[in-house]
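The opening position of the sequence shown corresponds to residue 1 in my numbering, with each subsequent residue numbered one higher.
From the three backbone atoms N, C-alpha and C, an ideal C-beta is built for every residue, glycine too.
Model, not experiment: these values are computed from the prediction.
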Amino acid sequence: MSDRKEKGYRKLRRSKLGSVLVIYLIVSLCFNAFLAFLAHMFLQYVLEARIYSEYQAVSYMARMYEHKDSVEDIYALLDAEGRDYFIADRDWRIYHQSGKELSSGMGGQLRLSRIGQNVSLYEDKALRLLRHKNGTLSFDLKGFLTWVSQTGGLQRLADKGATLDIPFWIAANISGENKRIFGKAYFSIDAGDIVFAGAVGLTIAVMVLGLSVIIIYHIVGSIRQQRKMTNLFFMDDVTGERNWMWMQIKGEKLLRKRKNAKNHYVMLSVSFVKYRNFCMCHSIKEGEDVLTKVNRLLIKRLDKKDLCAHHSSASFAVLMKYKDEEELKKFLDDLLKDLEIVDAVHKFCFHIGVSLVSNDKEVGRWPFKYKIVEMEKDYNSACTARDTLSDMDHSAVVFFDEKLIEEQRWIEIVQENQQNALAQEEFVVFYQPKFDPRTDRLCGAEALIRWESPEYGFKGPDTIIPIFERNGFITEIDRYMIRRAARDQKEWVDRGLKCVPVSVNVSRAHFAENNLAEQIRDLVDAEKAPHELIEIELTESAFFDDKTALVNTIKKLKEYGFVVSMDDFGSGYSSLNSLKDMPLDVLKLDAEFFRGEGEEGRGEIVISEALQLAKKLHMRTVAEGVEVQEQVDFLAAKGCDMIQGYYYSKPLPKADYEQCMVAGVALNKKQRSNIKKMMSRSTGH
Ligand code: C2E
Ligand code: CA
Ligand code: CA
Numbered sequence: 001m002s003d004r005k006e007k008g009y010r011k012l013r014r015s016k017l018g019s020v021l022v023i024y025l026i027v028s029l030c031f032n033a034f035l036a037f038l039a040h041m042f043l044q045y046v047l048e049a050r051i052y053s054e055y056q057a058v059s060y061m062a063r064m065y066e067h068k069d070s071v072e073d074i075y076a077l078l079d080a081e082g083r084d085y086f087i088a089d090r091d092w093r094i095y096h097q098s099g100k101e102l103s104s105g106m107g108g109q110l111r112l113s114r115i116g117q118n119v120s121l122y123e124d125k126a127l128r129l130l131r132h133k134n135g136t137l138s139f140d141l142k143g144f145l146t147w148v149s150q151t152g153g154l155q156r157l158a159d160k161g162a163t164l165d166i167p168f169w170i171a172a173n174i175s176g177e178n179k180r181i182f183g184k185a186y187f188s189i190d191a192g193d194i195v196f197a198g199a200v201g202l203t204i205a206v207m208v209l210g211l212s213v214i215i216i217y218h219i220v221g222s223i224r225q226q227r228k229m230t231n232l233f234f235m236d237d238v239t240g241e242r243n244w245m246w247m248q249i250k251g252e253k254l255l256r257k258r259k260n261a262k263n264h265y266v267m268l269s270v271s272f273v274k275y276r277n278f279c280m281c282h283s284i285k286e287g288e289d290v291l292t293k294v295n296r297l298l299i300k301r302l303d304k305k306d307l308c309a310h311h312s313s314a315s316f317a318v319l320m321k322y323k324d325e326e327e328l329k330k331f332l333d334d335l336l337k338d339l340e341i342v343d344a345v346h347k348f349c350f351h352i353g354v355s356l357v358s359n360d361k362e363v364g365r366w367p368f369k370y371k372i373v374e375m376e377k378d379y380n381s382a383c384t385a386r387d388t389l390s391d392m393d394h395s396a397v398v399f400f401d402e403k404l405i406e407e408q409r410w411i412e413i414v415q416e417n418q419q420n421a422l423a424q425e426e427f428v429v430f431y432q433p434k435f436d437p438r439t440d441r442l443c444g445a446e447a448l449i450r451w452e453s454p455e456y457g458f459k460g461p462d463t464i465i466p467i468f469e470r471n472g473f474i475t476e477i478d479r480y481m482i483r484r485a486a487r488d489q490k491e492w493v494d495r496g497l498k499c500v501p502v503s504v505n506v507s508r509a510h511f512a513e514n515n516l517a518e519q520i521r522d523l524v525d526a527e528k529a530p531h532e533l534i535e536i537e538l539t540e541s542a543f544f545d546d547k548t549a550l551v552n553t554i555k556k557l558k559e560y561g562f563v564v565s566m567d568d569f570g571s572g573y574s575s576l577n578s579l580k581d582m583p584l585d586v587l588k589l590d591a592e593f594f595r596g597e598g599e600e601g602r603g604e605i606v607i608s609e610a611l612q613l614a615k616k617l618h619m620r621t622v623a624e625g626v627e628v629q630e631q632v633d634f635l636a637a638k639g640c641d642m643i644q645g646y647y648y649s650k651p652l653p654k655a656d657y658e659q660c661m662v663a664g665v666a667l668n669k670k671q672r673s674n675i676k677k678m679m680s681r682s683t684g685h
């Protein structure tokens, strides 16, 4: 996956949910803080109001005490107040007491904002309900509830409008004396308070609930939206199923998880061959419908955990588990059969490239070991394998192996170097002589290419010609070879050597050009070589193209004085029919005629009949790939005109072929070198 897409995907996964969660957190934090503040304010207000009025009463008693005339009178007056109280000094010496219960000695300060002063509060010894700590006041909720239930429960309390009194003690200073008056005070809660607190609590609960519902609704909404977007992100435009990016993410997870060698995985590259043709003949829409059907078929034929996705154009990627190779091969054969008839109306052709996913690439140390996953590389290998089938018109499966990479690299090298090699004349011409089997005399030769690369060494045509044929460079090569052969012939004529016609291969691709005959004529003329010394070999496969154009080209070539031959006759395509229309001069029997065992006598019958046929059509014959004496004898007896084969000679470098021309017969190495010496003595070189 490209870095850009991966970033986009991560962003998509994070963005929405992340921001909603952050917003939710911030909003709920603010809301809770607001509620806490409200509750605090409310409690503060209520508590303060109640405590303040009680403090006022005790403070009033202290004032009364301060203005006393006699101790007995003031105690009588204070007792008459009806409040439990006591007067004590700072050492807790009690001077007077009214009532039973006393406060606890642990007092605390509460600042009353109404009077801007600190007031000393103490717990009631019997009911320790009010606690104070560093100026804040709190209920002992547990004690409060126990106490409430003792008094008959909240319900009853509310019904009767009764008051709930929580006792505590307030101290007020008596001025002028080192004494304080401690009055028992009550924190009163009536039914109205409880209803009010309940109403406030309920309102808060409803608000919290409402807010939670809104937030949850938004979260669920954004998760849904995110799912939808993720689905869109992972949806293939053509098939509407999953796309390659999805497969990469899922596949990497899957492959990373595999634990032992039992889990074999394989990557497939499945391609609909000639998809573009199908679209041309029908429509793009119909083509895409077939691709959708292919995708669905793949999903159907795969296990639930296996993955597949449309990759590009007409190719699909599949990552699947398999047990062993035998079973896998069978599965793939069955799959191909199903794919061919994926559409009820048409029959299709599919190619499958297979790359077994390596299971042993692990890095790190235990317990942090993990498998290396290279999805793209595996898919690329499967594609590389599949590409090797590109010339095949029927469905096929091919497994990737390292040799393919080497081949691929070589193709790259050739393509990169072809122009330069041509410019530097690194392509050299070898000549394979042709001999008359009845006289053993030299009667022709074929010009064959070799690449003498300073960097990659000596390379035969099998390693370069198929590449040139595929990339179209072959037409350049053909022109080059015609030029070189014509130049050499001209040189040999000028040197007075006894020249024989040299044939040059003209590939099928060249026939697409409608002025081929003129091109060849001009090339030969540019080198000033006689036309009759150049023969043009057309491969059998060229006869499948535009017949009329081909016939015209052959006629023109013959008009210009060139010899025209059909190469590789009998190499696989039935070309008997083409012989009927083509005014050819020479028929070259393919080397295949002389290979293999065959049934007793049958091969000979075919060869002799082919020779007869050529004779009747007034064509001369060349037998290629002849290696043994018996074949030569047989061909001579059957009237074959020429033999081009290792029996007489392999393709020779120019200098060696010159020796052959001088002798006029086939020579071995020693003979060739003797002639070379002789010639250099006579010419002084
Ligand atoms: P081709 O045109 O059929 O050339 C004959 C091939 O058969 C040559 O292989 C030759 O070396 C080989 N051969 C001849 N006699 C024998 C024999 O007795 N035994 C065996 N085993 N092989 C024999 P080469 O030179 O490797 O060329 C291979 C093919 O490459 C040619 O087949 C031709 O199709 C192509 N090619 C070579 N040079 C050119 C060229 O300049 N242009 C084009 N278009 N194709 C070329
Ligand atoms: Ca040839
Ligand atoms: Ca041939």
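Cα-Cα separation between residue i and residue j, rounded to whole angstroms
i: Tyr55; j: Val213; result: 45 Å
i: His618; j: Val428; result: 34 Å
i: Lys377; j: Phe430; result: 41 Å
i: Met267; j: His346; result: 27 Å
i: Leu523; j: Arg620; result: 26 Å
i: Lys459; j: Lys285; result: 47 Å
i: Glu241; j: Met392; result: 29 Å
i: Lys68; j: Leu77; result: 10 Å
i: Ala39; j: Lys371; result: 58 Å
i: Glu452; j: Pro653; result: 12 Å
i: Ala185; j: Ile51; result: 8 Å
i: Leu538; j: Arg508; result: 7 Å
i: Ile474; j: Ser312; result: 29 Å
i: Ile482; j: Asp581; result: 26 Å
i: Phe398; j: Val270; result: In the sequence on display, residue 398 carries Val and not Phe. If I take the Cα positions, the gap works out to 11 Å.
i: Val665; j: Ala637; result: 20 Å
i: Asn173; j: Ile23; result: 53 Å
i: Ala191; j: Ala197; result: 10 Å
i: Arg83; j: Gly116; result: 25 Å
Buried versus exposed, by CB contacts within 10 Å (16 or more), residue i
i: Asn243; result: buried
i: Met678; result: exposed
i: Arg521; result: buried
i: Glu455; result: exposed
i: Tyr217; result: exposed
i: Glu688; result: Outside the modelled stretch of the chain, which goes from 1 to 685, sits residue 688, for which no answer is possible.
i: Pro167; result: buried
i: Gly153; result: Caution is warranted here: a pLDDT of 48 is assigned to Gly153, below 50, making its placement in the model unreliable, and no coordinate value can be reported.
i: Met61; result: buried
i: Arg672; result: buried
i: Gly601; result: exposed
i: Lys669; result: exposed
i: Gln644; result: buried
i: Ala49; result: exposed
i: Trp492; result: buried
Anticipated Cβ contact below 8 Å, residue i with residue j, distance rounded
i: Leu557; j: Phe569; result: About 18 Å separates the two Cβ atoms, so there is no contact after all.
i: Ser315; j: Phe350; result: About 10 Å; that fails the 8 Å criterion.
i: Phe400; j: Val354; result: 6 Å
i: Ala445; j: Lys434; result: 6 Å
i: Val238; j: Phe272; result: So it is not a contact: roughly 12 Å between Cβ atoms.
Beta-ladder partner(s) of residue i, from DSSP
i: Thr539; result: Asp567
i: Arg450; result: Val428
i: Arg495; result: Arg495 pairs with nothing; no bridge assigned.
i: Gln629; result: In DSSP, Gln629 forms no bridge with anything.
i: Ala88; result: Ile94, Arg180
i: Thr621; result: Leu587
i: Gln644; result: Glu624
i: Val694; result: It is not possible to answer for residue 694, since the shown part of the chain is limited to 1 through 685.
i: Asn118; result: Arg111
i: Gly457; result: Ser453
i: Ile170; result: Leu121, Gly183
heavy atom of ligand 4 below 7 Å from residue i C-beta
i: Ser453; result: In terms of ligand content, the structure shown lacks ligand 4 and carries ligand 1, ligand 2 and ligand 3 instead.
Whole runs of the alpha helix (DSSP H) within the stretch 281-305, excluding any shorter than 4 residues
284-301
Which parts of the stretch 342-399 are runs of the beta strand (DSSP E), unbroken and 3 residues or longer, counting only runs that do not cross its ends?
350-357, 396-399
Ignoring anything shorter than 3 residues, give me the beta strand (DSSP E) runs that lie fully in the stretch 205-287, in order along the chain.
264-272
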